[in-house]
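Counted from 1, the sequence shown has number 111 at position 97 by this note's numbering; the numbering is strictly sequential. Here's the structure we're looking at; comments come further down.
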Amino acid sequence: MTDQRPTLADVARVAGVSRAAASRAINGTYGVSEAVRRRVRAVAAELGFEPHAVARALATGRAAAGRRERIEVLIVDPDPEAMSVKPFYSRVLTGAMRALGDRDIALSVRRVATLPADDTDPPFGRLLINVPGAAGAAYARRGRTVALGRSAPGVMFVAPDNEDGGFQAATHLVTTGRTRVGAVFGPPTPCANERKAGFLRVMSGAARPVTTVDGDFTRARAYAATRELLSREPRLDAVFASCDVTAMGVLQALRESGRRVADDVAVVGFDGSALAEAADLSSVYMPVEDEAASAIDHLLDPALPPPGRLPTHLTIRGSS
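Below, the structure written as structure tokens:
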């Protein structure tokens, strides 16, 4: 026997609205007029549509009696100090809590060095960070999943325009006359690769050779990488750091080598975190809080349109 229960798509079609509007009308969230809300709910009642209880609880914040729904932020990062030394994660949590508001929904955080083999207590929804593509696809098959950053095909994700951010950083260094440029790129993740691609596109177009070292978004690795850059190109006059934490290691190595920032060597980071402001660091700002909030919104309401790339912009400070 087939299940002939009406779906949200059926309600939307009969009411003459989009699925997203139908979802908002039924769940009582913002974004539709009162007239649309009444029409959609009348159609739903006429068709006998019953929204999934858990989905309704997540959207409205009213959990079933005796049960509190949970969204998990799953972070893959081998650094045991990651949560305290990488501002990115605290910004994610700020955005996630902002999106949840006063809904009675728990937000849990799980940092792991490698993905666990089992999944004994799956939450209703997951926000994935640094989860490899194949693994991300596997998690997506288990329930509602949104990734921060591009993941496997078919896995919804929210991400900034990393490539344009790298483009902006390189353009700034080229137009300010820097000719011996180095870069400490990130690990082989989609976001790091996008920043790298945008940066190298400008350098290639300007016929500027770039001395590069791959990093891992940690200060220690960036410090060692910068010393390597200086040994390979002692006349280095600029360094692009793939994130603000990386930039801290770059700045330390430059100052210990006697180079003046930015008189001798300009430095540009990526994130636009509080670290950048405190260090007077030029940095490409990415709206992490907005990314996380958008991801949570899509976990609460999968009928929302797929999110687009969020814009980035370079803030120029004293380091360049």
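Glycine residues also receive a C-beta, built at the ideal position from the N, C-alpha and C atoms. Source: prediction; values computed, not measured.
Does the beta-carbon of residue i have 16 or more other beta-carbons within 10 angstroms, so that it is buried, or is it exposed?
i	result
MET15	Unreliable positioning characterises MET15 in this predicted model, as indicated by a pLDDT of 40, which lies under 50. A coordinate reading is not provided.
THR128	exposed
VAL145	buried
ILE330	exposed
VAL190	The sequence as given places Thr at residue 190; Val does not occur at that position. Exposed, since its Cβ has fewer than 16 Cβ neighbours within 10 Å.
GLU270	exposed
HIS186	buried
PRO223	exposed
GLY229	buried
SER122	exposed
GLU305	buried
ALA211	exposed
ALA292	exposed
GLU208	buried
Could you check where the beta strand (DSSP E) with residue i kicks off and where it finishes?
i	result
LEU162	158 to 162
LEU129	Where LEU129 is concerned, there is no enclosing beta strand (DSSP E), given that its DSSP letter is neither H nor E.
ALA29	Looking at the DSSP string, ALA29 is not in any beta strand (DSSP E); the run it does join, the alpha helix (DSSP H), is 22 to 29.
GLY196	195 to 199
VAL298	296 to 299
PHE254	252 to 255
ILE143	139 to 143
With DSSP as the reference, label residue i as helix, strand or coil.
i	result
PHE231	coil
PRO320	coil
GLU95	coil
VAL281	strand
PHE181	helix
THR190	coil
ALA276	coil
ILE85	strand
PRO101	helix
THR4	With the chain running from 15 to 334 in the structure shown, residue 4 is simply not present.
ALA293	coil
Which value, in whole angstroms, describes the spacing of the CA atoms of residue i and residue j?
i	j	result
SER245	LEU268	12 Å
PRO202	SER32	39 Å
THR260	ALA239	10 Å
VAL216	LEU22	47 Å
GLY62	ARG140	30 Å
LEU114	ILE310	7 Å
ALA206	THR134	32 Å
PHE231	PRO319	32 Å
PRO204	GLY157	23 Å
ARG82	VAL275	51 Å
VAL266	VAL198	Reading off the sequence shown, one finds Gln at residue 266, where the question assumed Val. Cα to Cα, GLN266 sits roughly 14 Å from VAL198.
THR159	GLU303	18 Å
SER218	PHE181	11 Å
ASP178	PRO167	22 Å
ALA151	ILE85	18 Å
Output yes or no for whether 8 Å exceeds the beta carbon distance between residue i and residue j.
i	j	result
LEU162	VAL99	no
TYR299	GLY283	no
ALA317	SER47	no
ARG194	ARG249	yes
ARG395	ALA280	There is no way to answer for residue 395, as the model of the chain reaches only from 15 to 334.
ALA58	VAL50	no
LEU314	ALA183	no
GLY200	SER256	yes
PRO174	LEU295	no
ALA96	TYR103	yes
Quick one: give me the first and last residue of the alpha helix (DSSP H) that residue i is part of.
i	result
SER218	204 to 219
ILE310	302 to 314
GLY168	Here GLY168 belongs to no alpha helix (DSSP H), and DSSP marks it neither H nor E.
ASP118	Element bounds for ASP118: n/a, residue is neither H nor E.
ASP258	258 to 270
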